[in-house]
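Novice: Listed in order, the protein sequences are those of chains A and B. Letter by letter, the first sequence follows residues 1 to 200 of the numbering used here. Letter by letter, the second sequence follows residues 1 to 337 of the numbering used here. Backbone N, C-alpha and C fix where the C-beta goes; we use that ideal spot for every residue, glycine too. Structure in structure tokens, see below.
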Amino acid sequence: YVSPTNYVCFLFANLVGSIGLNTCRNRGIYTTLRPFRLTLSACLHTGTVVSSQPSSTVTVTEEPDTLYQKVSVLVKGHDKAVLDSYEFFATLTAKELGVTLGKVFEPPKNIERLTLLKSVHIFNKHRVQYEMRTHYRCIELCHVTGSTAQVYLEYIQRNLPEGVAMEVTKTAMERIPEHILKPMWKDLPTDPPTEEKPNQ
Amino acid sequence: MAAHTLNIYMLSLGRMHCHIYGRNVHKALNRATYATALSTNNSSLNKGFPDRGSRGPIIRRPRREEGEPRKDKMPVDQDWTAVYPTAAPFRPGSVPLPVRMGFPVKRGVPPEKKGNLELIKIPNFLHLTPTAIKKHCEAMKLFCTEWPSALDTNVKCDEHFPIKIECKDYVSAGTSIRNPSARIVNLRVKLSSLNLDDHAGKKMAKLLGERYYKETDIITIITDSCPVRQQNYDYAMYLLTVLYHESWKTEAWESEKTVADMEEYSWEDSPSQKNALSTLVRMQIAGEVEGDAVRDKLLGRPEVQEYRESVIRLMNEGESESSILQYREAVKKLLKL
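Okay, here's the thing in structure tokens:
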């Protein structure tokens with residue numbers, strides 16, 4: 001995976017030169033799970049060849065990539081203009097990285113109002129009212145792989161403006177694990193199913 | 001100056017408390033007052049400046065002249081990413097735009113950008129122009145992987161990957177980066193995608209109770225009892241495994257399942273069947289011998305089967321126009337009306 005300290009390396013990677021790495025490997029449903037936990041090895045050391053590919057700053061591990069059916073990014077802030085700019089930034093990033101965008105919409109704002117006493121002591125008839133407005137923006141991405149989601153989310157989160165909060169909902173898809181494919185009682189022919197057995 | 005103030009304090013202290021400390025202190029204080037009378041004359045020469053002792057006077061270098069603001073020297077085809085490479089506060093001398101922001105005075109315009117706090121307060125996206133974003137994305141594309149092209153529709157995804165795990169991450173500013181709600185794991189599976197037979201499916205639905213929604217056939221397991229997300233995920237998978245294997249088992253007490261426990265209505269051995277058969281038997285009572293053979297023959301008849309279907313449909317699906325019409329037709333055919 002891409003660790004946070006290596007974000008600075010992105011700029012260096014640009015300067016170091018084009019790195020030819022074949023990242024697209026779609027050979028089928030089952031085999032695509034094989035590769036792709038990409039890690040960034042220290043590219044700050046110029047001249048040392050870290051992995052087997054020549055002058056590459058990306059390493060590929062054999063761990064299977066998680067598949068996210070939906071990644072929903074909800075941003076909350078007090079200023080609508082800031083959220084508008086952030087939405088433009090996030091959608092452009094998604095387009096550039098090749099991530100399919102789902103819906104991009106604006107949930108209704110939430111206003112919390114308080115009525116407090118104006119004075120420190122007595123004067124109950126004179127009050128002051130405050131309100132806190134929270135605006136929302138939701139950006140949904142469909143069909144994202146784990147590596148791409150990590151890259152996109154890290155970039156988005158590092159450029160989150162001051163005073164804006166984010167909530168990310170990731171829906172990962174998985175196969176049924178092997179131990180749930182068949183009932184284990186069928187493998188034991190001597191024990192009839194009506195007998196009570198201790199749980200394995 | 002500091003010595004002078006210290007001695008004033010000592011004097012007041014002396015006047016208040018000399019009765020406690022005794023005559024010796026009073027004498028010391030008297031000596032102190034004479035001493036200060038001499039020292040204040042010397043210190044008054046450095047008027048306005050604090051006495052820094054051995055550190056020496058504060059060196060104030062003359063303010064250097066400010067040069068031409070950067071915006072005047074900017075070529076039109078410059079690289080903006082060099083002006084604002086990272087997030088930085090708004091610098092009026094570096095941004096060549098005539099921006100105005102703030103509340104206007106009476107019959108005036110919003111204040112200009114020079115020395116404007118409003119422009120500095122608001123977060124700016126000057127470091128994230130489309131050019132800059134494209135440059136960043138070019139560098140980041142190496143670490144992205146493509147979605148497998150065979151899984152383009154949701155239907156195919158559900159077929160091969162039926163289990164859906166939903167987790168939430170939170171990012172906000174505060175004293176702590178942790179959010180306790182981030183440990184909650186939501187597991188969703190369709191019951192039909194698991195390898196279960198009829199009895200196992202019904203038992204699983206009964207075991208799950210509220211967590212199984214019959215309309216959409218989805219099992220939802222939400223775990224938040226452990227402090228770490230990985231633990232909650234393991235617990236959810238463990239629950240699914242246990243439920244699956246337990247529902248395949250048939251316990252001894254399951255044979256005591258009554259009609260009230262049944263999920264679906266079954267016509268066999270129901271009052272409706274008994275009533276229908278007894279009515280038909282009475283209709284044909286002239287000349288025929290009663291017995292099990294007659295009942296089986298009656299059951300085999302198509303009108304009886306139609307009646308059975310319509311009653312099952314009414315009980316399971318509820319009353320609707322089409323189901324009641326079907327029941328009406330079946331009854332008419334059965335009673336030969």
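In three-state terms, what does DSSP make of A:A165?
Specialist: To locate residue 165 of chain A, count along the first sequence from 1; it is residue 165. Strand, per DSSP.
Novice: Indicate whether B:P111 and B:M101 have their beta-carbon atoms separated by less than 9 Å.
Specialist: Start at 1 with the first residue of the second sequence, and residue 111 of chain B comes out as number 111. Start at 1 with the first residue of the second sequence, and residue 101 of chain B comes out as number 101. Going by C-beta atoms, B:P111 is nearer than 9 Å to B:M101.
Novice: Would you say B:V331 reaches chain A, if we count a Cβ-Cβ gap shorter than 9 Å as a contact?
Specialist: The residue labelled residue 331 of chain B in the question sits at position 331 within the second sequence. False, the Cβ-Cβ gap to chain A never drops below 9 Å.
Novice: What would DSSP say about A:E62, mapped onto helix, strand or coil?
Specialist: Looking up residue 62 of chain A in the first sequence gives position 62. It is coil, neither helix nor strand.
Novice: Starting from the C-beta of B:N232, find all residues in its chain whose C-beta is less than 8 Å away, skip the five residues before and the five after it, and write them out in chain order.
Specialist: Here residue 232 of chain B corresponds to residue number 232 of the second sequence, with the count starting at 1. Only R183, I184, V185, T223, D224, S225 and C226 meet the Cβ criterion.
Novice: Any contact of the stretch 125–144 of chain A with the stretch 68–78 of chain A, i.e. 3+ C-beta pairs under 8 Å?
Specialist: yes
Novice: Identify every residue that forms a DSSP beta bridge with B:A330.
Specialist: For the purposes of this step, residue 330 of chain B is taken as residue 330 along the second sequence, with counting starting at 1. Within the DSSP secondary-structure output, B:A330 pairs in no beta bridge.
Novice: Kindly indicate the opening and closing residues of the beta strand (DSSP E) around A:G102.
Specialist: Locating residue 102 of chain A in the first sequence gives position 102, counting from the first residue. Counting along the chain, the beta strand (DSSP E) containing A:G102 begins and ends at T100 to F105.
Novice: Looking at C-alpha atoms only, which residue of B:V228, B:V331, B:R282 and B:P69 is the closest neighbour of B:V304?
Specialist: Here residue 304 of chain B corresponds to residue number 304 of the second sequence, with the count starting at 1. Checking every option, the nearest Cα to that of B:V304 belongs to B:V331.
Novice: Just mark B:Y238 as buried or exposed, buried being the case when its beta carbon has 16 or more other beta carbons within 10 Å.
Specialist: In the second sequence, the residue the question calls residue 238 of chain B occupies position 238. Burial call: exposed.
Novice: Taking just the CA atoms, how far does A:R175 sit from B:A346?
Specialist: Residue 346 of chain B lies beyond the residue range present for chain B, which begins at 1 and ends at 337; the question has no answer from this structure.
Novice: Kindly list, in the order they appear in chain A, the residues whose Cβ is closer than 7 Å to that of B:I133.
Specialist: The residue given as residue 133 of chain B occupies position 133 in the second sequence. Against B:I133, the close residues of chain A are F89, L92, T93 and E96, in the order they occur along the chain (beta-carbon pairs closer than 7 Å).
Novice: Report the start-end ranges of each alpha helix (DSSP H) in the stretch 241–301 of chain B that is 4 residues or longer and not cut off at the edges.
Specialist: As far as the stretch 241–301 of chain B is concerned, its whole alpha helix (DSSP H) runs of at least 4 residues are 271–283 and 292–300.
Novice: Listing by chain order, which chain A residues have their CB less than 7 Å from the CB of B:P162?
Specialist: Working through the second sequence from its first residue, we reach residue 162 of chain B at position 162. Under the 7 Å cutoff, chain A gives I176.
Novice: Looking at the structure shown, is A:Y152 part of a helix, part of a strand, or coil, going by DSSP?
Specialist: Position 152 of the first sequence, counted from the start, is the residue given in the question as residue 152 of chain A. Of the three classes helix, strand and coil, the one that applies to A:Y152 here is helix, per DSSP.
Novice: Which residues, in chain order, does the stretch 56–75 of chain A contribute to contact with chain E at a C-beta distance below 7 Å?
Specialist: Looking for chain E here will not work: the only protein chains present are A and B.
Novice: Quick test of the definition: if touching needs 3 or more C-beta pairs under 8 Å, does the stretch 193–207 of chain B touch the stretch 238–248 of chain B?
Specialist: Yes, the stretch 193–207 of chain B is in contact with the stretch 238–248 of chain B.
Novice: Using a cut-off of 7 Å between C-beta atoms, extract the partners of B:E256 located in chain A.
Specialist: Against the second sequence, residue 256 of chain B aligns to sequence position 256. None at all; the shortest Cβ gap to chain A is about 13 Å.
Novice: Consult DSSP for B:K106 and reduce its assignment to one of helix, strand or coil.
Specialist: Translated into the one-based positions of the second sequence, residue 106 of chain B becomes position 106. Looking at B:K106 - three-state DSSP - the assignment turns out to be coil, as it is neither helix nor strand.
Novice: Please list the partners that A:H135 has in chain B, where partner means a Cβ-to-Cβ separation under 7 Å.
Specialist: The residue you call residue 135 of chain A lines up with position 135 of the first sequence. Correct list: empty, because the minimum Cβ distance to chain B is about 14 Å.
Novice: Please list, in chain order, the chain B residues whose beta carbon lies closer than 7 Å to that of A:Q202.
Specialist: Given that chain A is displayed from residue 1 to residue 200, the structure contains no residue 202 of chain A and the question cannot be resolved.
Novice: Using 9 Å as the limit for Cβ to Cβ distance, is B:D217 near chain A?
Specialist: As a working note, residue 217 of chain B is residue 217 in the second sequence. It does not: the Cβ of B:D217 has no partner Cβ on chain A nearer than 9 Å.
Novice: Mapping the DSSP letters down to three states, classify B:E112 as helix, strand or coil.
Specialist: Mapped onto the second sequence, residue 112 of chain B falls at position 112. B:E112 falls in the strand class under three-state DSSP.
Novice: Closer than 9 Å, CB to CB, is B:D169 near chain A or not?
Specialist: The residue given as residue 169 of chain B occupies position 169 in the second sequence. At least one chain A Cβ lies under 9 Å of B:D169.
Novice: Roughly how many angstroms lie between the CA atoms of B:V281 and B:R313, to the nearest whole one?
Specialist: Indexing the second sequence from 1 puts residue 281 of chain B at position 281. Indexing the second sequence from 1 puts residue 313 of chain B at position 313. Each residue's Cα considered, the two are about 24 Å apart.
Novice: Given this structure, state the Cα-to-Cα distance separating A:L114 from B:Y84, to the nearest angstrom.
Specialist: Taking the first residue of the first sequence as position 1, residue 114 of chain A is located at position 114. Taking the first residue of the second sequence as position 1, residue 84 of chain B is located at position 84. Straight-line Cα distance between these residues: approximately 40 Å.
Novice: According to the Cβ coordinates, are A:T145 and A:K70 closer than 9 Å?
Specialist: What you label residue 145 of chain A is simply residue 145 of the first sequence in a count that begins at 1. What you label residue 70 of chain A is simply residue 70 of the first sequence in a count that begins at 1. Not closer than 9 Å, so no.
Novice: Any chance the stretch 177–185 of chain A sits against the stretch 97–113 of chain A, with 3 or more Cβ pairs inside 8 Å?
Specialist: no
Novice: What residue range does the alpha helix (DSSP H) around B:M140 cover?
Specialist: By one-based count along the second sequence, residue 140 of chain B stands at place 140. Per DSSP, B:M140 belongs to the alpha helix (DSSP H) from P130 to M140.
Novice: Any contact of the stretch 201–211 of chain B with the stretch 156–174 of chain B, i.e. 3+ C-beta pairs under 8 Å?
Specialist: no
Novice: Measuring only the C-alpha atoms, how far is B:D234 from B:L240?
Specialist: As a working mapping, residue 234 of chain B is identified with position 234 in the second sequence. As a working mapping, residue 240 of chain B is identified with position 240 in the second sequence. For B:D234 and B:L240, the distance between alpha carbons rounds to 10 Å.
Novice: From this set, B:W253, B:E329, B:E146 and B:V259, which residue's C-alpha is nearest A:L97's C-alpha?
Specialist: The residue labelled residue 97 of chain A in the question sits at position 97 within the first sequence. Per the Cα distances, B:E146.
Novice: If you follow the beta strand (DSSP E) that B:K168 is part of, which residue opens it and which one closes it?
Specialist: Indexing the second sequence from 1 puts residue 168 of chain B at position 168. In the DSSP assignment, B:K168 falls within the unbroken beta strand (DSSP E) covering I163 to V171.
Novice: Taking only the alpha-carbon atoms, compute the straight-line gap between A:C142 and A:Y86 and give it to the nearest angstrom.
Specialist: Residue 142 of chain A sits at position 142 when you count from the first residue of the first sequence. Residue 86 of chain A sits at position 86 when you count from the first residue of the first sequence. Spanning the two alpha carbons is a distance of roughly 19 Å.
Novice: For B:R70, which residues in the same chain have their Cβ closer than 6 Å to its Cβ, ignoring the five residues on either side in sequence?
Specialist: Sequence index remark: in the second sequence, residue 70 of chain B carries index 70 (1-based). Closer than 6 Å at Cβ, skipping near neighbours: G93 and S94.
Novice: Going along chain B in order, which residues have a C-beta closer than 9 Å to the C-beta of A:V120?
Specialist: Position 120 of the first sequence holds residue 120 of chain A. The premise fails here: A:V120 is roughly 28 Å from chain B at the closest Cβ pair, so nothing lies under 9 Å.
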